[in-house]
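Enquirer: Sending over a structure as structure tokens; questions will come in a sec.
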Amino acid sequence: LRGSFTRLLESLRATPEHFIPLVEELWQKMNSGGFSTTLRINILQFNGGLFADGEALPFTLDQLCLLIESSKADWRDVEPAIFGTLLERALDPVERHKLGAHYTPRTYVERLVLHTVINPVRAEWDTVRIAAVNLANQDKMKEAVSEVRKFHRALCHIRVLDPACGSGNFLYVVLEHFKRIEGEIFDTLDSLGERQASLDMAGETVDPHQLLGLEINPRAAAIAELVLWIGTLQWHFRNRGSIYPRQPIIRNFHNIECRDALIEYDDRQEVSGVTHWDGRTTKLHSVTGKEVPDETVRIPVFHYTNPRKAVWPQADYIIGNPPFIGAARMRDALGDGYTDIVRKIHSDVGESSDFVMYWWNHAAELLRSGKLNRFGFVTTNSLRQTFNRRVLETHMGAKNPVSLVFAIPDHPWVDSADGAAVRIAMTTAEVGTSTGLLQTVVSETASDGEGYEVQLDSRTGLIHSDLSIGANIAGATSLLANCSLSSRGMMLFGSGFIVTPEEAAQLGSEAPIRDYRNGKDLTNKPRGVKVIDLFGLSAEEVRNQFPAVYQWVIERVKPERDVNKDRAIRENWWLHGRVRTELRFFLVGLPRYIATVETSKHRVFQWLEESILPDNKLISIALDDAFYLGVLSSRIHVDWAMASGSNLGVGNDSVYVKTRCFETFPFPEASEKSKERIRSLGEQLDAHRKRQQEQHPGLTMTGMYNVLEKLRSGEALTAKEKIIHEQGLVSVLKQLHDELDAAVAEAYGWPVNLSDEEILERLVALNTARAAEEAQGKIRWLRPSFQCPEGSATQAELGVAPGGQKSEGRGQATFGKKMDWPKSLPDQVRLLRAALAAAPSPVTAEELARSFVRAQTNRVADLLETLTDLGQARKLEDERYSAG
């Protein structure tokens, strides 16, 4: 009876203490069904899973009033996918403050669900529907009904697994689309004369038992099950009106399992006396007054007995959004014991891979073993980076490979765990070698409360492991010629190493302190800070020779290092966490080196003096010849870097991955005249930018290149940008880049007006040629006096053309070997539709019939007409057909 629960709550305003006994009676009656003395009405039986525990919690009057207000709202049309996420956050004491954060829009979830699960299922339904219509047109109504009923039974047994289901958003979207298809099935049966189809088939219907989930959080697992039943009941009442579903209304299918998705074990026990800092709690340092880790707040380390790889429930499709945890954060987020066990059990996934790749790898194994039709995951967009891409390459390069049939390399998202804005990739895989649909985001428009409205561009072709179509940049190999020259900078593991010039002066003029640059120093403007660098000194030597520096570091660095889980970093607390011995060796004897910011909107290379120590977020290249600065700054290399690197962060900035962007890049074999021209332009470029920044302290590198980007596009400059244009002399900057691009293209022997795709194709071909040379011992060292000091004979000119040429010819597409014409009508429809899609140009019914063994032209023509009527094919005026 509508409003009865609200009236009950209203009656308790004066006596909120009566809430517990009255509501517990109601919960118990909802569990069993029957007459409720609390509401004085008959209650339908719900389910022992949801109401088996009838305990009610005590309410204060204020809490009761809030519940009354909530009960007055109309909850019939609540969006389950949104409801689950909001409820989960509201119940989480750590994340409760983020309740108002944006939720992941339904359209984002739906993109992956459609391509992974719904499209292939709907394709089968379209095939059956076409077959049924064709049979009906032949007055074979019984056979038509049988085909539709058979598909409905199959639909009701399709199982979809989300092995990290959270509050069930993905599973709910699958449920809703399955219900839509089921509605179409009932409509089709009605059109075939089965007027009572929906009632007759009520005993077998799409319901939550098909939607399987694994979730380690018991609260989220319970919410996921609730979300699926809310969606099921909403669908029922929208389509059946006031007719109640069969009792119990909610059934306990145990389809959402509360357990770990990666490992199983017999027992988990705390390791006696072994704990670590919780990674969160801090305190104020008594001397510096700054936040430092509170090492007294510890959490246990666990031991797992008989650990083994988790077995996932059998499913036809897998889909989901596993946790976004980077490899470097796994120990802090998951604990040492769990991290070690996961990496040991899943040893085929590299330790540098992100947490989500364990799900991707396991699903790919199931797919290749024939236990799965498709899987699709949301991952962070670092999927394309080398340490994650190796997982894809393993399965895509196997004897029975998997192919990516759908991918979006970079897409905005909202992390369901805490509402944080992130950048993600979507991938859908199936077994075999297939082309796929690649979608790229071309525009994002902010939308209130629901992330961004996204416009996508689509391409079809073979999707490589770096989520690209076209030149196989992911297949490029590292070249020996480029080795032992590039490195990331220092990784401090302690901001206390960084000092101002004034603080450096107080620590003594002889103290081992150097100029320091990080990414912001290069893209914005130098902060003027310095860094304490105690490389090569023991702690005792530092204390004896530089006592002021020793005290500074022991107070400002050691507290943070004391809780670090890495023994070497913890015990060598006075040294940088990563001292980059190899980089220091690379730079010996060089007066300067090339640096670029690892993650940056614009890919800019510049000189740094040897006296400057680079931060971890800089990629340093140990070359002092301006020829290389010029080539790296050219469009040809920037195109390569953008395509072979990756993107990171909310700003979707490009990441310069040295092993992929620099070590694979084939430099041109240029004449000395060409080299001198590129050298001159490289020096002019670097000097111009630094001169203008020195004259205008507020001028930033990012600002200049933002304006340069607008000049190239022809877009009008704002008033602020006009100031940047004048201060940076950006038109001069553009001219220098244009001349440099032309000079580098000439050095390769290529036209200057090549498209980006043509540049990448030629570079891939050149990389392949160089790798073949190196396999024969012929290496074109970039810095031979350092890389090959013995003077290898491989420096000789090889007479090899300096770049592969794009093949202009292309073979004609053919149907290939004739296939047998299937006996069943659905198989005939399926094969005919595939043949249309594969045809290089429109074809007649006779031409299609000749491509099959024992296919009759009139039968093919009949099916083509049906396909056309249902929008699955297009008929041209000359009686030819093409795919719809």
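Position 345 of the sequence shown, counting from 1, maps to 393 under the working numbering, and the rest follow consecutively. Cβ coordinates follow ideal geometry from the N, Cα and C atoms, glycine included.
Could you check where the alpha helix (DSSP H) with L259 kicks off and where it finishes?
Expert: Within the sequence shown, numbered from 1, the residue matching residue 259 stands at position 211. Careful: L259 lies outside any alpha helix (DSSP H), inside the beta strand (DSSP E) at L259 to L262.
Enquirer: Answer yes if the stretch 816 to 831 comes into contact with the stretch 751 to 767, meaning at least three C-beta pairs across the two stretches below 8 Å, and no otherwise.
Expert: They do not touch, by the three-pair rule.
Enquirer: Three-state secondary structure (DSSP) at R562?
Expert: Your numbering for residue 562 matches position 514 in the sequence shown. If DSSP states are grouped into helix, strand and coil, R562 belongs with the strands.
Enquirer: Would A563 and K573 qualify as a contact pair, given that the criterion is a beta-carbon distance under 8 Å?
Expert: One-based indexing of the sequence shown puts residue 563 at position 515. One-based indexing of the sequence shown puts residue 573 at position 525. The displayed chain sequence assigns Asp, not Ala, to residue 563. For D563 and K573, no; Cβs fall outside 8 Å.
Enquirer: Quick one, which of G509, G576 and A469 has its alpha-carbon nearest A481's?
Expert: Counting from one through the sequence shown, the residue named residue 481 turns up at place 433. Checking the sequence, you will find Thr at residue 481 rather than Ala. For the residues G509, G576 and A469, the minimum Cα distance to T481 belongs to G509.
Enquirer: Would you call the stretch 730 to 740 and the stretch 662 to 681 touching, i.e. three or more CB-CB distances under 8 Å?
Expert: The stretch 730 to 740, when compared against the stretch 662 to 681, does touch it at the 8 Å Cβ threshold.
Enquirer: By a C-beta neighbour count over all protein chains shown, 10 Å radius and 16 as the cutoff for buried, is A849 buried or exposed?
Expert: Along the sequence shown, one-based indexing puts residue 849 at 801. Its pLDDT being 30, under 50, A849 is placed unreliably in this model, and the value from its coordinates should be taken loosely. The residue is exposed, with fewer than 16 neighbouring Cβ atoms inside 10 Å.
Enquirer: Quick one: is H66 buried, meaning 16 or more other Cβ sit within 10 Å of its Cβ, or exposed?
Expert: Reading the sequence shown from its first residue, position 18 is the one you call residue 66. The residue is exposed, with fewer than 16 neighbouring Cβ atoms inside 10 Å.
Enquirer: Let me know the secondary structure DSSP gives W173 once reduced to three states.
Expert: The residue given as residue 173 occupies position 125 in the sequence shown. Helix at W173.
Enquirer: Just the Cα atoms here: how many angstroms apart are G576 and R422?
Expert: Taking the sequence shown and counting its residues from 1, one reaches residue 576 at position 528. Taking the sequence shown and counting its residues from 1, one reaches residue 422 at position 374. Their backbone Cα atoms lie some 54 Å apart in a straight line.
Enquirer: Is the beta carbon of M867 sitting closer than 8 Å to the one on V908?
Expert: Translated into the one-based positions of the sequence shown, residue 867 becomes position 819. Translated into the one-based positions of the sequence shown, residue 908 becomes position 860. Not closer than 8 Å, so no.
Enquirer: Determine the DSSP secondary structure at K357, reduced to helix, strand or coil.
Expert: Residue numbering aside, residue 357 sits at position 309 when the sequence shown is read from its first letter. Here K357 sits in strand by DSSP.
Enquirer: Where do the N-terminal and C-terminal ends of the alpha helix (DSSP H) with A446 fall, by residue?
Expert: By one-based count along the sequence shown, residue 446 stands at place 398. Run containing A446: none; DSSP gives neither H nor E here.
Enquirer: Quick check: the Cα distance between V611 and L540, rounded to an integer number of angstroms?
Expert: For the purposes of this step, residue 611 is taken as the residue at position 563 of the sequence shown. For the purposes of this step, residue 540 is taken as the residue at position 492 of the sequence shown. One C-alpha to the other measures close to 15 Å.
Enquirer: Give the DSSP-derived three-state secondary structure of R507 in the structure shown.
Expert: Translated into positions along the sequence shown, residue 507 becomes position 459. DSSP places R507 in strand when its eight states are reduced to three.
Enquirer: How long is the line joining the alpha carbons of G368 and S516, rounded to whole angstroms?
Expert: Sequence index remark: in the sequence shown, residue 368 carries index 320 (1-based). Sequence index remark: in the sequence shown, residue 516 carries index 468 (1-based). One C-alpha to the other measures close to 22 Å.
Enquirer: Can you list the alpha helix (DSSP H) stretches of 4 or more residues lying completely in the stretch 391 to 477, in chain order?
Expert: Runs of the alpha helix (DSSP H) inside the stretch 391 to 477: 404 to 416 and 434 to 444.
Enquirer: Helix or strand or just coil, what does DSSP make of G321?
Expert: Position 273 of the sequence shown, counted from the start, is the residue given in the question as residue 321. In this structure, G321 counts as strand in the three-state DSSP scheme.
Enquirer: Looking at the strands, I want to know which residues DSSP matches up with A931.
Expert: As a working note, residue 931 is residue 883 in the sequence shown. A931 is bridged to A921.
Enquirer: Around the Cβ of E856, are there at least 16 other Cβ atoms within 10 angstroms (buried) or fewer (exposed)?
Expert: Walking along the sequence shown from the start, residue 856 turns up at place 808. Reliability of the predicted coordinates at E856 is poor, the pLDDT of 30 falling under 50, and the value obtained from them is presented with this limitation in mind. E856 comes out exposed.
Enquirer: Which one of L814, R438 and K568 has the shortest CA to CA distance from K665?
Expert: The residue given as residue 665 occupies position 617 in the sequence shown. Of the listed residues, the one whose Cα sits closest to K665 is K568.
Enquirer: Going by C-alpha to C-alpha distance, which of D789, R432, H459 and S534 sits closest to H512?
Expert: Taking the first residue of the sequence shown as 1, we reach residue 512 at position 464. Of the listed residues, the one whose Cα sits closest to H512 is R432.
Enquirer: If you compare alpha carbons, which of H333, S668, G385 and E339 is closest to S320?
Expert: Taking the sequence shown and counting its residues from 1, one reaches residue 320 at position 272. For the residues H333, S668, G385 and E339, the minimum Cα distance to S320 belongs to G385.
Enquirer: How should P36 be labelled, buried or exposed, when 16 other C-beta atoms within 10 angstroms of its C-beta is the threshold for buried?
Expert: Past the boundaries of the shown model lies residue 36; the chain is included only from 49 to 932, so the question cannot be answered.
Enquirer: On the three-pair Cβ rule with 8 Å, is the stretch 411 to 431 touching the stretch 324 to 338?
Expert: Cβ pair count under 8 Å is below three, so no.
Enquirer: To which residues of the same chain is L56 closer than 6 Å at the C-beta, ignoring the five residues directly before and after it?
Expert: Taking the sequence shown and counting its residues from 1, the one referred to as residue 56 is at position 8. No residues qualify anywhere along the chain.
Enquirer: Exposed or buried, which one is W407 when buried takes at least 16 other CB atoms within 10 Å?
Expert: As a working note, residue 407 is residue 359 in the sequence shown. By the 10 Å Cβ count, W407 comes out buried.
Enquirer: Kindly list the residues whose CB is nearer than 6 Å to the CB of L317, restricted to its own chain and excluding five residues on each side of it in sequence; keep chain order.
Expert: Taking the sequence shown and counting its residues from 1, the one referred to as residue 317 is at position 269. What sits at residue 317 in the sequence shown is Gln, not Leu. Excluding positions up to five away in sequence, the list reads H351.
Enquirer: Using C-beta distances below 8 Å, list every residue in its chain close to L802, excluding the 5 sequence neighbours before and after it, in chain order.
Expert: Taking the first residue of the sequence shown as position 1, residue 802 is located at position 754. So the qualifying residues of the chain are A793 and R810.
Enquirer: Looking at C-alpha atoms only, which residue of S659, V221 and R437 is the closest neighbour of L259?
Expert: By one-based count along the sequence shown, residue 259 stands at place 211. Comparing Cα-Cα distances from L259 to each of S659, V221 and R437, the minimum goes to V221.
Enquirer: Counting C-beta neighbours from all protein chains within 10 Å, is the total for Q783 16 or more, i.e. buried, or is it exposed?
Expert: By one-based count along the sequence shown, residue 783 stands at place 735. Exposed.
Enquirer: Taking a contact to mean a Cβ-Cβ separation below 8 Å, would you say A819 touches L527 in this structure?
Expert: Position 771 of the sequence shown, counted from the first residue, corresponds to residue 819. Position 479 of the sequence shown, counted from the first residue, corresponds to residue 527. Yes, they are a contact pair.
Enquirer: Quick check: T323 and V349, are their CB atoms within less than 8 Å of each other?
Expert: Locating residue 323 in the sequence shown gives position 275, counting from the first residue. Locating residue 349 in the sequence shown gives position 301, counting from the first residue. Yes. Within cutoff.
Enquirer: Where does R144 land, buried or exposed, given buried means 16+ other C-beta within 10 angstroms?
Expert: Numbered from its first residue, the sequence shown carries residue 144 at position 96. With a pLDDT of only 44 at R144, under 50, the local geometry of the prediction cannot be trusted, and no value is derived from it.
Enquirer: Here's a check: name, in chain order, each residue in its chain whose Cβ is nearer than 8 Å to the Cβ of L808, leaving out the five neighbours to either side.
Expert: Here residue 808 is taken as the residue at index 760 of the sequence shown, counted from 1. Excluding residues within five positions, the ones whose Cβ falls inside 8 Å are G518, A519, I521, D687, W688 and A691.
Enquirer: Quick one: residues in its chain with C-beta nearer than 7 Å to the C-beta of I68, no 5 flanking neighbours on either side, listed in chain order?
Expert: Start at 1 with the first residue of the sequence shown, and residue 68 comes out as number 20. Closer than 7 Å at Cβ, skipping near neighbours: A104 and P106.
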